[in-house]
Structures are given as structure tokens and as C-alpha cells.
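Before any comments, here is the structure.
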Amino acid sequence: MQLEKSKGYRQVIKWLKLNKKKPFEFQTDAWQYYAEGYCGLVNAPTGFGKTFSIFLAVVIDELNKKHETKTTIAKGKIIKKKSNQGLKLIWITPLRSLAKDLARAMNEVCTELKLDWVIGVRNGDTSQSEKLKQKKQMPEVLIITPESIHLLLAQKNAFSYFDQLQCIVADEWHELLGSKRGVMTELAISRIKGLLTEMHPERLLRIWGISATIGNMEQAMEVLVPYNNVLKTIIKADMEKKNEIHSILPDHIDMLPWAGHLGHKLAHKLLPIIYKSKTTLIFTNTRGQAELWYQTLLAQDETLAGQLAIHHGSIDHELRNWIEDAIHTGLLKAVVCTSSLDLGVDFKPVDTVVQIGSPKGVARFLQRAGRSGHSPHETSKIYFLPTHALELVEAAAIKEAVKTQDIESREPIVMAFDTLIQYLVTIAVGDGFDDEKIFFEVKQTHSFKELLPQEWKWVMQFITTGGTSLTAYNEFSKVSKDIDGLWKVKNRQIAMRHRLHIGTIVSDAMLKVKYLTGGFIGMIEESFISRLKPGSSFTLAGKVLEFIMVKEMMVLVRKSKLKQAISPSWLGGRMSLTANLGALLRKKYNETLHKTHGEIELDFILPLFEQQAKVSHVPKSDEFLVELINTKDGYHLFAYPFEGRQVHEIMAALIAYRLSMIKPITFSIAMNDYGFELLSEQPIPLNEDSIKSLFTPLNLSNDIVASINSTEMARRKFRDIACISGLVFQGYPGKYVANKHLQSSAALFFNVFSDYDKHNLLLRQAYDEAFYQQIEEPRLAAALNRIQISKIIIVKTYRYTPLCFPIKVDSLRENMSSEELSQRIERMTAESEKRLSPTQRKNKQRK
Amino acid sequence: MNIKCRGEQFILNKERAIYWPAKHMLIISDLHIGKTAYFRKSGIQVPDTVGLTDLQRLTSLIKEFHPENLLITGDMFHNKINSDVNAFMEWRRSYSNLNVILIKGNHDTLRHEDYLALNIDYHAKELCCAPFRFIHDIPEEIDEFYNISGHIHPGIILYGKAKQQLKFPCFYFGKQQAILPAFSIFTGLKIMKPQKGDLVFVLTPNKIIQV
Chain H
506 MQLEKSKGYR QVIKWLKLNK KKPFEFQTDA WQYYAEGYCG LVNAPTGFGK
556 TFSIFLAVVI DELNKKHETK TTIAKGKIIK KKSNQGLKLI WITPLRSLAK
606 DLARAMNEVC TELKLDWVIG VRNGDTSQSE KLKQKKQMPE VLIITPESIH
656 LLLAQKNAFS YFDQLQCIVA DEWHELLGSK RGVMTELAIS RIKGLLTEMH
706 PERLLRIWGI SATIGNMEQA MEVLVPYNNV LKTIIKADME KKNEIHSILP
756 DHIDMLPWAG HLGHKLAHKL LPIIYKSKTT LIFTNTRGQA ELWYQTLLAQ
806 DETLAGQLAI HHGSIDHELR NWIEDAIHTG LLKAVVCTSS LDLGVDFKPV
856 DTVVQIGSPK GVARFLQRAG RSGHSPHETS KIYFLPTHAL ELVEAAAIKE
906 AVKTQDIESR EPIVMAFDTL IQYLVTIAVG DGFDDEKIFF EVKQTHSFKE
956 LLPQEWKWVM QFITTGGTSL TAYNEFSKVS KDIDGLWKVK NRQIAMRHRL
1006 HIGTIVSDAM LKVKYLTGGF IGMIEESFIS RLKPGSSFTL AGKVLEFIMV
1056 KEMMVLVRKS KLKQAISPSW LGGRMSLTAN LGALLRKKYN ETLHKTHGEI
1106 ELDFILPLFE QQAKVSHVPK SDEFLVELIN TKDGYHLFAY PFEGRQVHEI
1156 MAALIAYRLS MIKPITFSIA MNDYGFELLS EQPIPLNEDS IKSLFTPLNL
1206 SNDIVASINS TEMARRKFRD IACISGLVFQ GYPGKYVANK HLQSSAALFF
1256 NVFSDYDKHN LLLRQAYDEA FYQQIEEPRL AAALNRIQIS KIIIVKTYRY
1306 TPLCFPIKVD SLRENMSSEE LSQRIERMTA ESEKRLSPTQ RKNKQRK
Chain A
867 MNIKCRGEQF ILNKERAIYW PAKHMLIISD LHIGKTAYFR KSGIQVPDTV
917 GLTDLQRLTS LIKEFHPENL LITGDMFHNK INSDVNAFME WRRSYSNLNV
967 ILIKGNHDTL RHEDYLALNI DYHAKELCCA PFRFIHDIPE EIDEFYNISG
1017 HIHPGIILYG KAKQQLKFPC FYFGKQQAIL PAFSIFTGLK IMKPQKGDLV
1067 FVLTPNKIIQ V
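Which chain is which? The protein sequence lines are H and A, in order. Counting from 506, one number per residue, gives the positions in the first sequence under my numbering. Counting from 867, one number per residue, gives the positions in the second sequence under my numbering.
See below:
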């Protein structure tokens, strides 16, 4: 039967008509494909009803099935009415805040279509009583996070939950794709699919993803649906979301600093925008910056108090919920936020979005722009507020990328052994598993398709005997084989501890912040609090708070009388420019001087470029500029590859190493998204001829290993790995006090494994992550190859240039040193005399 | 490294021990025997070689100094009797002439009989041996005794230019008390902020450095 003629389809269309709506083509396409049994990925701009493309497909299917049962009964055939209540649709969302909104929308549909479905939500915020209710009777639709699905799999009798399951949807799949949470999703799907194949081999489980536009849509679908024996397709909505991008410009170029990352000097320019809009979301890149901007805006206009809110990941979830509700009802005039509000929440009153500082990537910028004008055909309006002059070029580059839809890819994570280990223990805590069956399932996922039998064997040994077969650990107990032949966790305490630690988001030890008189404000990193003295003040959630004491993993505070205080800096790391944006940036440099463009940002910044051209040179996209500047600080080398901070960090170390091969020399290194600096006390041995050989891609891998302290990098990566694989417990703030006898640290395990268990795959994973995620070797090689075919421009001068200035003042400096550990120690001992305490050092850097 | 403390000579060893020649006494703290086995029992993969290494280090110290007394200022046993403790029992038999004295720490919760069986002479709180008081954690009140303690696993960060830093365990000699580094290598560090006049001896892999 044709879908259009089916009862369910007609019912849905009728309902839409009543609401004066008509389905978009991509929606009806999705319904059609779903009815034909396809899996796949839906890609549509925000605000066009991506949710309904799949949700209504499932609803139509259900309505049709209902109808069929009815007709069979009407025909008089005696069939026992089987209870078909139970979970039909699993809807995976990356953010908890999305769940409430989705449930509301889905509930509305079900009520109006007279479908007696219960829509359930399950995530970290779900109450215990609600979870118990779900255990007794699963709702038909469950909106859930990847972590919570794994928690379901960690329950006994988990398979019974999925008995009626028809479809799994991964919403905002682009967001999960590039993270270990994506791997969790892949593994959960593989298990649920496996369970269903066992119980109901005839059932066709549909797996669908919903994604914003990314560079690798094909791959995104293959990761979500890696199975070869299913039909799959990508449904792309061929309509464009209209965007309007405005830069907020000061009255004169001189009012924009050459360097900096706060941008609060332009705050007064933001006020008129806030006034004339209904609700404005102001995006910052870090939580610390958000706190600062909140203070700045209030200082600019005190009448904003009560209408201005702050929203970020460290704010207590009740407060966040309140803020989100207040945005919905239009109570707030503006909200200063971080990526915590990036994703698809549909806030109707929001009509304006402001981005402070460079978003560093096209996809992220579009995502944020999409927060305004959320309904179809409305225009998304986004204002860009530069924090320093050169960021205006980034604004122009982003505008172009948006026009040409040049959007970054998200690389899926592969071979995450830590996540695999966690998953295996999870299902061992649940009903137990058959290792052959699970190996088959795991091997089918994209993440582990390269998994070798010996690696699998190692992982199994790691969770069953602790070490490899020859060195089985004494008294080790975790997963063991039960009499029914399944691998299980029998120790209840181990099981309980494991459940508390399911997840792959690892944060620094966080403490809850609470008023002395009661009431939670949010969370703060332990390392920040440990630097505070009782009586000193800090800001959180836009409030100035006086620190009283830490008690039972709780930071007790009271309201401070001070107007301003230090903002905590959460260890978020700075984002690096993506490769796409880097390439566009180089192109924009061309256009600025030649005035072959129509962008006001580039016109505005022209005087700065003219100055750069006067004292040095403005690099064109086929040129590679190196500035050699000699000042009283020493000899500087500035190079401008425009490849992003992360690539520059490695490249700088590489070049420093290669230079030090020519003659013994020590460098101090600094970098930003545009270029890097090497600073030395001695003249740098460099000329036009030697540059190309210095920047050669030949011998790259070896030179990287020699130039970078890969052990240090791997050690940093190991922090997350140790947590995820269950070696170290992070302990939830206020929720769970870790067993004192089991306290340890990731660094300790890193040392222990390095000394006693070199072949540990988790150790290898740490090095792999350092090389491919941190060092990005392929991108580095591409950059070096580009430099090889570029025209080299060397400029020698005695003054800092506009281009080099932001690098010069950047506080993140590193040293390149080829000295041995013992030498380093002795040098440091000598220096420790003039050592500054960490807080003093920080202050100094800020200045 | 030789130092003078309250008129007595101490030899600091980089294997996290003090030798007090006058009393033929080797002093260590926070041995945490059984910690790795306890971790393994709780499902956390720690190689057993880690615990054995601690015992081997102790053996080589005894071969170096030939002490008559081994004093442990607390946290000798991490948890209950387990395979690591059994390994220690074996070790103890081969050094049956050695006096082992334990000042009980917060982790030491074995039964009286267990200590007897292990031939360990234990003190519940402290041992005064003028001019020193050996105790697990620093007492709040100051008196004529100089306290020698453990418990906190002191460590120190050495800072270099350009945000470089390295962490090491250390001996910490204050005005009224000295704190020993944890003997076990499977322990973390509490980073100390030295006060003026305090002496810090950093244990780097090859030697001891005073900062």
C-alpha cells in the first residue's frame, strides 16, 4: 500500500492542516523511507522541523499498525490481543536541556493525534521515583542521553525493555560524532540491535540520525549505521536558512586593541542591540569570559539587573532550568552563555544572537546563529563582537564560509579502548555477556572495525584477570564467568561503583557551591578553590560570593559586599582555529589590501593592514611570511602559517628543534591562531634559502618525536582514559564520596603502567590520542607542503608589527629545550630561588 | 645525604628513608602494604609487581645500612590481610632478627594477633625517643619534642621558566616537625608550600637535592 493512502499518513496530514501547516518535502521523504524500512540520516537547517521528520514517521507507522489490528479484529478473526505497550522509540540527545523541550513537543503531537503514548525522559536529572516508574512500565518514547542508555544496559533484565523497540534516533548526531560519547552511542546501538536480532529476528530495527550540516555527512551516516545488510540513505533538506551577520565595529580602528580576548571595551555598543531585540543570547567562548561579560554589562546598565542572566555548564541545574524557562516565557532580555546553549533548544523569543570573540569554526558559528529566528523562513541574526582588531578578518572569512557552505568535518573517534572497557564492564554489571557474540557486535561498529583478535583478548584479560595471561594479577576481581557461561560482575560494590562512573565526560574535580543559608549556586573546580583564602571573593553565576570554607565536598559561601571579584578560570582549554577557516583567512588577507571585496570589516581594518604593509608585509595566500625582529628582549622569529593554535604549537616546537640541530640554542615559544614566535637570546640562524629546508615535510614523524615531549602529552591524555576505563574515580560533587582506601591518580597509573606493564593498550591509546588529536600530524604535513610551494617573504625589522603583536602578548608560553631531566632539575633548582607562587604567576601573566 | 637534626645525625636516602646511625634505626613511613592487592580486589588493575618493588627497595636499604631497628611512622598496612600482606610475612621471616616498630596510622587496622604473628611491636599513638617524638600525624600542640611524622605524603613542585614544572616527593623539615615521604611508590603527593626557614629535600630519581 502506498504511504500517502495509509490511514496514519492521512491522519497526520489532516492534523497538520488543522494547524495550518504543510510538511516539507524532506519530511515526507523521511516518512516514506522510514515506511520502506530504511535507516539513515536527516540533514536540515535548524528550525525546519528535523524532529518531526523522524518522530512523525514513527507515529505514522504506529497509527497504521493500530489500524491494521483493528481491521483484523473487525474481520472477526479471534486473535489474542497481545500487549504491545512498551518502549518503541529511543531518542538519544546529547544535552539534558534538550530533553524537556522535545518531550513537550512530542506530547503535544500524541495528545492531538489521540495516540496513547507516554513520553518519558531519562538522564542524570531524572528523579529516582520516575526511574522506578519507568522500570515497572517503560514509556513508549524515551528521550535519553548516551550515558543513561548505558545505565539501562547495566540493569538486570535490560533486554526486556527493548522488546517492543522499533527505532533508535540519534539527535544532534554531529555533536556526538566527534567524541567518545559518540562511541558510547555506537556501542549501545550495537548491543540493542544484537538483543533484538536474538529475540525478534523478523523485526526491522530502524536507526536514524539527525544532524546539522557538517563536512562529512556520508561518513557520519556510516558511523551511525555501519551495517551492510540494511537499506540506508541521507535525506537532505534543500532549503537554506537565511543568515544575517553583522560585525560590531568601534567608532574608530584605534579603539580596537591589537591583542586581547575579552572585548569588553565594546560593551556599550552591545546595549542598543539588547534594547531593540526581544531576547538576545550572548555567546562567549569560555565560562570565565561569560562571568566577566555578565559583570561588565550590569556595570554598563544597572537597569538590566533581573533581565540579564548567565548560563553555563558549571551553574546548578535547577538555576539553569529556571533560566531556560525564563527564556521561553520571554522574561529575560539577554542571557550571557557559553556552548551550554549551543544546541537545538527552540527558544521562540530569541531573535538576536551575539558572538563575542572568534567562534574559531564555521559549524559552531552557524549553530549559534541558528539559535535566533528558529522557525522556518525566519532569518537568523547574529552579531559578531571582535575582541581584537585582527578578528575582524575572521569575521569576513566566516561570512564567506557561510555563503559557500564550507563547513568543517567531525572526525569520529576510533579504537577508544577506555570506552570499550567501560562498556564491557557495563554489560557485565547488567545481564552479563557472551564474549564471542559481543566481539562480533563490537567489531561491526565503526569505532572498532579495525579491532584485532589479540587486542580483544587483551581487553578481555584486562577486565577478567587484570593483566595478560602470563601475569594474571593476584586476587584480582572484576568480571568473571558465571555458571551460565556469561561474563558478569558479581561483586555488588564493584557493580555499584561502576554504575556511578558510567560516562566519558571527565572534568577536573568539581565542588558544589552552596550558600551558608542553603541553596546551590553551581560548581567550581577544586583547584581554583584551593587557591582561595577564606574571606576572599569570586564570581559565579553572575554573583559575587565570599568564600567561607569547604565542608564535606561543598564550598560554603555568602553574598559578598564587593562589586567585583576575580572570575574563576575553568580548565576548558582554548579552542583552535579549524583548517577550513585558516584557508579562508589567508584568502581574506589577499583581498583586504586589494580591496577586491565587499565587506565592511575588511574596509574597517584596512588602516591596520596598511601599517603592517609599511613596517613589514601583508602575506597573500600564496606567500609565507617570516618576520625576524630584533628587540631588547632578544631575537624573535615570527612565522604566519594561519593554521590554528594547535598546529602552530607543534610546528613551533618542530622548527625550534630543527634550528637547534644547526646550532645549540634555546627558545621560548608563543603562538596564536595566526602564527607562532620563537624567541632566543642568540641570533637565529636563518635566511631565505634555509627556510624551505627548515619547514620541510621530510622526516616529519621522526622530528616530531624528537622535538616534542610526547610522554608529557600522553600523560595528559591518560587522565581521561584512566577515568573512563575505571582506574580512577572522579567522584561526583556532593553525590558520592570516594572510598578513601581507593584514592589514586591517573598520573600514578601512568607511571605504574609505563614501568610495569608497557604493553597496556590504554597506554598506547594515550600516545595515539596525543599524536592524532593533539599533534594532528596529517594537518601539520599538509601545512608544511603548502609552505613548500609558497613564496617565502622574510622581513627584518626592529619594531613589533600589527601581525606579531597578538602573539607577542599571548601569555601561553612554552620552552623548547633538549636538556635532560637532571639538567632541567638543576636549572629549576637554581631558578627556584626567584620562584613565584602559582597565584602570583597567574597575576603576572594577566598583566 | 647527611644532615643534622636537633644535634643528631641523620642520613637521608633517596629511596625515601632516613637512617639514624646512633640508634641503628631505619625510619620510613606510609608503606601501605596491601594497597595494590586491595585495589585489585576492588576491580582496579594494579600490577602485583608494584607491591613487590616496595619490598625489594626495603631489602636493599637493609642490605645497605644493616639496621637493628626498622621504625615505621604509620600506615604500614593499607587495609586488611591480603596477598600482599602474605608476601610481607615471607619477607619478615627472612629478616626475623630485625626489630620492626610501628606507630599506628589511620590505615593500620589489623588485629592485635596479626601484629603478633608478623612480629611487629606496635605503639597505638606515638613513640618518644628524645629528642624526637615519632608519630603518624603532626600533633597540634608544640612541646619539647621534635616530631617526626608521615601521613600526608609530602611532595614539592619545582618551577622553571615558561610554566615548566616537575613534581617530586620530599623530606620536609620544619621548625617543630619533620615529615617523611611515603615509602610506597604507589602513593600520591600532597604539594607543600614551604614556609621560611623550613628545609625541603627533594627526591629526584637519581639523588637528593635541597631546595
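Just so it is clear, CB atoms sit at the ideal spot from N, CA and C, and this is done for glycine as well. These numbers come from a predicted model, not from an experiment.
Neighbour flag for residue i against chain H, beta carbons, 7 Å
i, result
"A:K1062", "no"
"A:G940", "no"
"A:S908", "yes"
"A:S949", "yes"
"A:A1028", "Per-residue confidence for A:A1028 stands at a pLDDT of 42, beneath the threshold of 50, marking its modelled position as unreliable; the derived number appears in the next sentence. By this cut-off, A:A1028 is an interface position."
Rounded separation between residue i and residue j - CA only
i, j, result
"H:E1282", "H:H1153", "12 Å"
"H:Q812", "H:R825", "15 Å"
"H:K1019", "H:L1005", "23 Å"
"H:S963", "H:S952", "The question names Ser, yet the displayed sequence has Trp at residue 963 of chain H. If I take the Cα positions, the gap works out to 17 Å."
"H:L1107", "H:L1247", "58 Å"
"H:Q872", "H:I887", "11 Å"
"A:S949", "H:N1214", "38 Å"
"H:Q537", "H:K510", "12 Å"
"H:R1224", "H:T785", "38 Å"
"H:Q516", "H:Q671", "20 Å"
"H:D847", "H:H655", "25 Å"
"A:P1060", "A:H1017", "17 Å"
"H:L701", "H:T970", "31 Å"
"H:V626", "H:D940", "32 Å"
"A:I1008", "H:S1042", "33 Å"
"H:W520", "H:E617", "8 Å"
"H:P1311", "H:Q660", "54 Å"
"H:H1003", "A:I1001", "37 Å"
"H:L897", "H:T1101", "16 Å"
"A:K1029", "A:I1023", "Residue placement at A:K1029 is poorly supported in this model, since its pLDDT is 48, which falls under 50; the coordinates still yield a value, given next. Using only the alpha carbons, I get a separation of about 12 Å."
"H:L1205", "H:L1191", "19 Å"
"H:I1170", "H:K1197", "20 Å"
"A:A903", "A:V1066", "32 Å"
"H:Q1279", "H:I999", "33 Å"
"A:P1071", "A:L927", "16 Å"
"H:Q532", "H:K770", "46 Å"
Cutoff 7 Å: residue i Cβ touching any chain A Cβ
i, result
"H:L1232", "yes"
"H:G1008", "no"
"H:G971", "yes"
"H:S952", "no"
"H:D721", "For clarity, residue 721 of chain H is Asn in the given sequence; the question names Asp instead. Output row for H:N721: interface = no."
"H:N979", "yes"
"H:V1257", "yes"
"H:K983", "yes"
"H:I999", "yes"
Whole-angstrom C-beta distance between residue j and residue i, which should lie under 8 Å
i, j, result
"H:E1128", "H:I1298", "5 Å"
"A:I967", "A:D987", "5 Å"
"H:E905", "H:L1089", "6 Å"
"H:K746", "H:T551", "7 Å"
"H:V1233", "H:A921", "Rounded, the Cβ-Cβ distance is 17 Å, inconsistent with contact."
beta-carbon residue i near the ligand ADP non-hydrogen atom, thresh 6 Å
i, result
"A:L924", "The ligand ADP is not among the ligands present in this structure, which contains no ligands whatsoever."
Contact with chain B by residue i, beta-carbon distance below 7 Å
i, result
"H:S1250", "The structure shown has no chain B; the protein chains it does contain are H and A."
Practice task
Identify every run of the beta strand (DSSP E) within the segment 975-1000 of chain H, keeping only runs that are complete inside it and at least 3 residues long; order them along the chain.
Solution key: 984-986, 992-994
Exercise for the section: Please list the segments of the alpha helix (DSSP H) lying wholly inside the segment 751-785 of chain H, counting only runs of 4 or more residues, in order along the chain. Expected result: 772-781
Problem - Residues in the segment 1044-1058 of chain A having any Cβ partner in chain H nearer than 7 Å - result: Residues of the segment 1044-1058 of chain A with a Cβ closer than 7 Å to any Cβ of chain H, in chain order: F1052, G1054.
Problem - 4 or more residues per run - each alpha helix (DSSP H) lying fully within the segment 1146-1224 of chain H - result: 1150-1167, 1193-1199, 1205-1212
Problem - Residues of the segment 904-936 of chain A whose Cβ lies closer than 7 Å to any Cβ of chain H, in chain order - result: Residues Y904, F905, R906, K907, S908, G909, I910, Q911, V912, P913, D914, T915, V916.
Practice task
Tell me the start and end of each unbroken alpha helix (DSSP H) in the segment 914-993 of chain A that is at least 4 residues and wholly inside, in chain order.
Solution key: 915-931, 949-960, 978-983
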